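Since the structure comes first, as structure tokens, the remarks are kept for the end.
2 protein chains.
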Amino acid sequence: MMPFEPSERTTVRRRPERAVYERDVIAAILDEAVVCHVGCVVDGRVVVLPTIHARVEDRLYLHGAVGNRTLRAARDGAELCVTVTLLDGLVLARSAFHHSVNYRSVVIMGRAMEVRDEAEKRLALRAVVEHVVPGRSVDAREPNEAELAGTLVVRLPIDEASAKVRSGPPVDDEEDYGLPVWAGVLPLMIRTAEPIADPRLMARVPLPAYVAGYAR
Amino acid sequence: MMPFEPSERTTVRRRPERAVYERDVIAAILDEAVVCHVGCVVDGRVVVLPTIHARVEDRLYLHGAVGNRTLRAARDGAELCVTVTLLDGLVLARSAFHHSVNYRSVVIMGRAMEVRDEAEKRLALRAVVEHVVPGRSVDAREPNEAELAGTLVVRLPIDEASAKVRSGPPVDDEEDYGLPVWAGVLPLMIRTAEPIADPRLMARVPLPAYVAGYAR
Numbered sequence: 046m047m048p049f050e051p052s053e054r055t056t057v058r059r060r061p062e063r064a065v066y067e068r069d070v071i072a073a074i075l076d077e078a079v080v081c082h083v084g085c086v087v088d089g090r091v092v093v094l095p096t097i098h099a100r101v102e103d104r105l106y107l108h109g110a111v112g113n114r115t116l117r118a119a120r121d122g123a124e125l126c127v128t129v130t131l132l133d134g135l136v137l138a139r140s141a142f143h144h145s146v147n148y149r150s151v152v153i154m155g156r157a158m159e160v161r162d163e164a165e166k167r168l169a170l171r172a173v174v175e176h177v178v179p180g181r182s183v184d185a186r187e188p189n190e191a192e193l194a195g196t197l198v199v200r201l202p203i204d205e206a207s208a209k210v211r212s213g214p215p216v217d218d219e220e221d222y223g224l225p226v227w228a229g230v231l232p233l234m235i236r237t238a239e240p241i242a243d244p245r246l247m248a249r250v251p252l253p254a255y256v257a258g259y260a261r
Numbered sequence: 046m047m048p049f050e051p052s053e054r055t056t057v058r059r060r061p062e063r064a065v066y067e068r069d070v071i072a073a074i075l076d077e078a079v080v081c082h083v084g085c086v087v088d089g090r091v092v093v094l095p096t097i098h099a100r101v102e103d104r105l106y107l108h109g110a111v112g113n114r115t116l117r118a119a120r121d122g123a124e125l126c127v128t129v130t131l132l133d134g135l136v137l138a139r140s141a142f143h144h145s146v147n148y149r150s151v152v153i154m155g156r157a158m159e160v161r162d163e164a165e166k167r168l169a170l171r172a173v174v175e176h177v178v179p180g181r182s183v184d185a186r187e188p189n190e191a192e193l194a195g196t197l198v199v200r201l202p203i204d205e206a207s208a209k210v211r212s213g214p215p216v217d218d219e220e221d222y223g224l225p226v227w228a229g230v231l232p233l234m235i236r237t238a239e240p241i242a243d244p245r246l247m248a249r250v251p252l253p254a255y256v257a258g259y260a261r
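Chains A and B are the protein sequences, given in the same order. All residue numbers for the first sequence refer to our numbering, where the first residue is 46 and numbers rise by one. All residue numbers for the second sequence refer to our numbering, where the first residue is 46 and numbers rise by one.
This is the structure in structure tokens:
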């Protein structure tokens, strides 16, 4: 795929050597992150809210209740900045200054449009369920008309987007490598614990494979 | 401690039953999250960037290179919205509509001030290291004058703040409880993997206990 042409806004300024504009890298980071953080100016003030997203090709879908003020502002044309961050490890350098984290992040900027077409709205909501738990959408009851009417879905084109990635060991000042201080990376990852069945779960409903084998 | 008085801006509007304004709950969420997402209007446009924070009492410290545009905007008086999110589990309901996540999030709004006092600046940077790896600051080489001069630190008062927490099993529509669909919570947590020593680590430097026993 063609990499993104960095725009004035998505050009990574700090640490440009960490910037990535490849579409498949950006897509993979968006898909791996369970939630994103949506920034938007609402009533003249900046708000940043966590929410679940879903990517379908070059489109990012966000959803919420029709009363959601951030989504309503987005629907009404407010600019968005959507950021996802995956934390891969803690980077312990010999100097406090060079401590860092290994991470993969994506920033998407742009304006969203409300999804009014019912077929696309259903597709988007199915994509959200699949984004969180791949395989789940075939089992879950589909949204009914009232639920669909109560849900606002917006589509943000993934056009102005950039990723930033740090990986690997710490980078210390040359004169600090002789210090007798442990240095390295402590990898972090998301793990699941034992699934907790709903107390009201019907008898003899087995645990699905997509839950038992879940990995992010 | 006194809970926060929710302001016009920090009053949780969606799902107010999930809102928490207790200072110790807010502090615990801020301390557990490795990174926050800082929203700010920079050159007329909203940006959301992940960064490492540190809380000291009722103050949140953010830091970065002196050239960091978001931090410079913050220093120059731009309003900030700082959000942290801890993901505790995936909530699988019988209906697609009631799928959710269990989470704990905090939103802080306000204006930051640059930390110019050297003692407070050093305290803030030490707090950042301790925030990421408790115990580390005694081993890491302290910032020198050049590093200190190259770092911009801002202090955001934790005044206008609110938390939002969802926990527990899915909540389905009454008529859906009879569906033969598995429902429950898949807990998520951050885990460490085996520490990776820096290839240039000096011989006979032992792995510190704060790395070996690290838990978030």
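Where a beta carbon is used, it is the ideal one built from N, C-alpha and C, also for glycine. Only a predicted model underlies this, so the values are computations on that prediction, with no experimental measurement involved.
Q: Can you pull the chain B residues whose beta carbon is under 8 Å from the beta carbon of residue 224 of chain A, in chain order?
A: As a working note, residue 224 of chain A is residue 179 in the first sequence. For residue 224 of chain A, the C-beta contacts it makes with chain B under 8 Å involve 186, 247, in order along the chain.
Q) Between which two residues does the alpha helix (DSSP H) carrying residue 76 of chain A extend? A) The residue you call residue 76 of chain A lines up with position 31 of the first sequence. Here the alpha helix (DSSP H) through residue 76 of chain A covers 68 to 77.
**Q.** Three-way DSSP call (helix, strand, coil) for residue 232 of chain A in this model
**A.** For the purposes of this step, residue 232 of chain A is taken as residue 187 along the first sequence, with counting starting at 1. In the structure shown, residue 232 of chain A sits in a strand (DSSP, three-state: E or B).
Q) Can you find at least 3 beta carbon pairs, one from the segment 152 to 161 of chain A and one from the segment 195 to 202 of chain A, that sit closer than 8 Å? A) Touching, per the Cβ criterion.
**Q.** Element boundaries [alpha helix (DSSP H), containing residue 176 of chain B]
**A.** Counted from its first residue, the second sequence places residue 176 of chain B at position 131. Counting along the chain, the alpha helix (DSSP H) containing residue 176 of chain B begins and ends at 163 to 177.
(Q) So, with DSSP's three-state summary, where would you put residue 151 of chain B? (A) The sequence position of residue 151 of chain B within the second sequence is 106, counting from 1. Three-state result, residue 151 of chain B: strand.
Q | Bridge partners - residue 238 of chain B, DSSP secondary structure assignment | A | Along the second sequence, read from residue 1 onward, the residue named residue 238 of chain B stands at position 193. According to DSSP, which records beta bridges pairwise, residue 238 of chain B is partnered with nothing at all.
Q: Report all residues from its chain with a CB closer than 7 Å to the CB of residue 115 of chain A; omit the five preceding and five following residues, and keep chain order.
A: Position 70 of the first sequence, counted from the first residue, corresponds to residue 115 of chain A. The residues are 83, 85, 87, 92, 94.
Q. Any Cβ of chain A within less than 8 Å of the Cβ of residue 180 of chain B?
A. Within the second sequence, numbered from 1, the residue matching residue 180 of chain B stands at position 135. Residue 180 of chain B does not count as touching chain A.
Q.
For residue 250 of chain B, would you say it is in contact with chain A, using Cβ-to-Cβ distances shorter than 8 Å as the test?
A. In the second sequence, counting from the first residue as 1, residue 250 of chain B sits at position 205. Yes, contact with chain A.
Q | Closer than 8 Å at the beta carbon, the chain B residues around residue 113 of chain A | A | Your numbering for residue 113 of chain A matches position 68 in the first sequence. Neighbours of residue 113 of chain A on chain B, chain order: 59.
(Q) So, under 8 Å CB-CB, residue 237 of chain B and residue 233 of chain A are touching, yes? Tell me the CB distance rounded to an integer number of Å. (A) Here residue 237 of chain B refers to the residue found at position 192 of the second sequence. Here residue 233 of chain A refers to the residue found at position 188 of the first sequence. Their Cβ separation, rounded to whole angstroms, is 6 Å, which keeps residue 237 of chain B and residue 233 of chain A in contact under 8 Å.
Q. Helix, strand or coil: which one does DSSP assign to residue 55 of chain B?
A. As a first step, residue 55 of chain B must be located in the second sequence, where it is residue number 10. DSSP places residue 55 of chain B in coil when its eight states are reduced to three.
Q. Using a beta-carbon distance below 8 Å, is residue 82 of chain A in contact with chain B?
A. The residue given as residue 82 of chain A occupies position 37 in the first sequence. With 8 Å as the cut-off, residue 82 of chain A counts as an interface residue toward chain B.
Q.
Bridge partners for residue 90 of chain A per DSSP, in chain order?
A. Working through the first sequence from its first residue, we reach residue 90 of chain A at position 45. Its beta-bridge partners are A/87.
Q.
Rounded to whole angstroms, what is the Cα-Cα separation between residue 269 of chain B and residue 56 of chain A?
A. No answer is possible for residue 269 of chain B: the residues shown for chain B start at 46 and end at 261.
Q. By the criterion of Cβ-Cβ separation under 9 Å, what are the contact partners of residue 108 of chain A in chain B?
A. Taking the first sequence and counting its residues from 1, one reaches residue 108 of chain A at position 63. Within chain B, no residue comes near residue 108 of chain A; the closest Cβ sits about 10 Å away, beyond 9 Å.
(Q) Relative to the C-alpha of residue 79 of chain A, which candidate in A/89, A/172, A/98 has its C-alpha closest? (A) Looking up residue 79 of chain A in the first sequence gives position 34. Minimum Cα distance to residue 79 of chain A is reached at A/98.
Q) Can a CB atom of chain A be found closer than 8 Å to the CB of residue 66 of chain B? A) Here the question's residue 66 of chain B lines up with position 21 in the second sequence. Taking Cβ atoms only, chain A never reaches closer than 8 Å to residue 66 of chain B, which makes this a no.
Q.
Can you look up residue 143 of chain A in the DSSP assignment and give me helix, strand or coil?
A. Numbered from 1 along the first sequence, position 98 holds the residue referred to as residue 143 of chain A. The answer is helix: DSSP assigns residue 143 of chain A an H, G or I state.
Q. Of all the options A/228, A/239, A/240, which has the alpha carbon lying nearest to the alpha carbon of residue 245 of chain B?
A. Taking the first residue of the second sequence as position 1, residue 245 of chain B is located at position 200. Closest option to residue 245 of chain B, Cα to Cα, is A/228.
Q | Proximal chain B residues relative to residue 23 of chain A, where beta-carbon distance stays under 7 Å | A | Residue 23 of chain A is absent from the structure shown; chain A starts at 46 and stops at 261.
Q) Counting contacts by CB-CB distance shorter than 8 Å, is residue 158 of chain A in contact with chain B? A) Along the first sequence, read from residue 1 onward, the residue named residue 158 of chain A stands at position 113. Judged by the 8 Å Cβ criterion, residue 158 of chain A is not in contact with chain B.
Q.
So the candidates are A/123, A/148, A/138; which of them puts its Cα closest to the Cα of residue 218 of chain A?
A. Within the first sequence, numbered from 1, the residue matching residue 218 of chain A stands at position 173. The option with the nearest alpha carbon to residue 218 of chain A is A/138.
Q) Taking the Cβ atom as the reference point for each residue, do residue 255 of chain B and residue 181 of chain B lie within a distance shorter than 8 Å? A) In the second sequence, residue 255 of chain B corresponds to position 210, counting from 1. In the second sequence, residue 181 of chain B corresponds to position 136, counting from 1. Yes, they are a contact pair.
Q: Report yes if the CB atom of residue 250 of chain B is closer than 8 Å to the CB atom of residue 226 of chain A, and no otherwise.
A: The sequence position of residue 250 of chain B within the second sequence is 205, counting from 1. The sequence position of residue 226 of chain A within the first sequence is 181, counting from 1. Cβ atoms of residue 250 of chain B and residue 226 of chain A: closer than 8 Å.
Q: Could you tell me which chain B residues have their CB closer than 9 Å to the CB of residue 140 of chain A, listed as they occur along the chain?
A: In the first sequence, counting from the first residue as 1, residue 140 of chain A sits at position 95. The contacting residues are 185, 186, 187, 188, 189, 192.
**Q.** C-beta contact flag for residue 90 of chain B and residue 124 of chain A at 8 Å
**A.** Mapped onto the second sequence, residue 90 of chain B falls at position 45. Mapped onto the first sequence, residue 124 of chain A falls at position 79. Against a cut-off of 8 Å, the Cβ pair of residue 124 of chain A and residue 90 of chain B comes out as a contact.
Q. So does residue 243 of chain B have its beta carbon nearer than 7 Å to some heavy atom of the ligand FAD?
A. Ligands displayed in this structure: none; no statement on the ligand FAD is therefore possible.
Q. Straight-line CA distance for residue 120 of chain A to residue 109 of chain A?
A. Along the first sequence, read from residue 1 onward, the residue named residue 120 of chain A stands at position 75. Along the first sequence, read from residue 1 onward, the residue named residue 109 of chain A stands at position 64. Taking the straight line from one Cα to the other gives about 12 Å.
(Q) As a quick exercise: from A/204, A/247, A/253, A/215, pick the residue whose alpha carbon is nearest that of residue 67 of chain A. (A) One-based indexing of the first sequence puts residue 67 of chain A at position 22. Residue A/204 is the option with its Cα nearest to residue 67 of chain A.
(Q) From the DSSP secondary-structure annotation, give me the bridge partner or partners of residue 106 of chain A. (A) Walking along the first sequence from the start, residue 106 of chain A turns up at place 61. DSSP output for residue 106 of chain A lists A/99, A/200 as bridge partner(s).
Q.
I'd like to know whether the C-beta atoms of residue 146 of chain B and residue 206 of chain B end up nearer to each other than 8 Å.
A. Looking up residue 146 of chain B in the second sequence gives position 101. Looking up residue 206 of chain B in the second sequence gives position 161. Cβ distance not < 8 Å, so residue 146 of chain B and residue 206 of chain B don't count as in contact.
Q. Going along chain A in order, which residues have a C-beta closer than 8 Å to the C-beta of residue 124 of chain B?
A. Taking the first residue of the second sequence as position 1, residue 124 of chain B is located at position 79. In chain order: 90, 91.
(Q) Please tell me whether residue 201 of chain A has its Cβ less than 8 Å away from any Cβ of chain B. (A) The sequence position of residue 201 of chain A within the first sequence is 156, counting from 1. No, residue 201 of chain A lies away from the interface with chain B (no Cβ there is under 8 Å from its Cβ).
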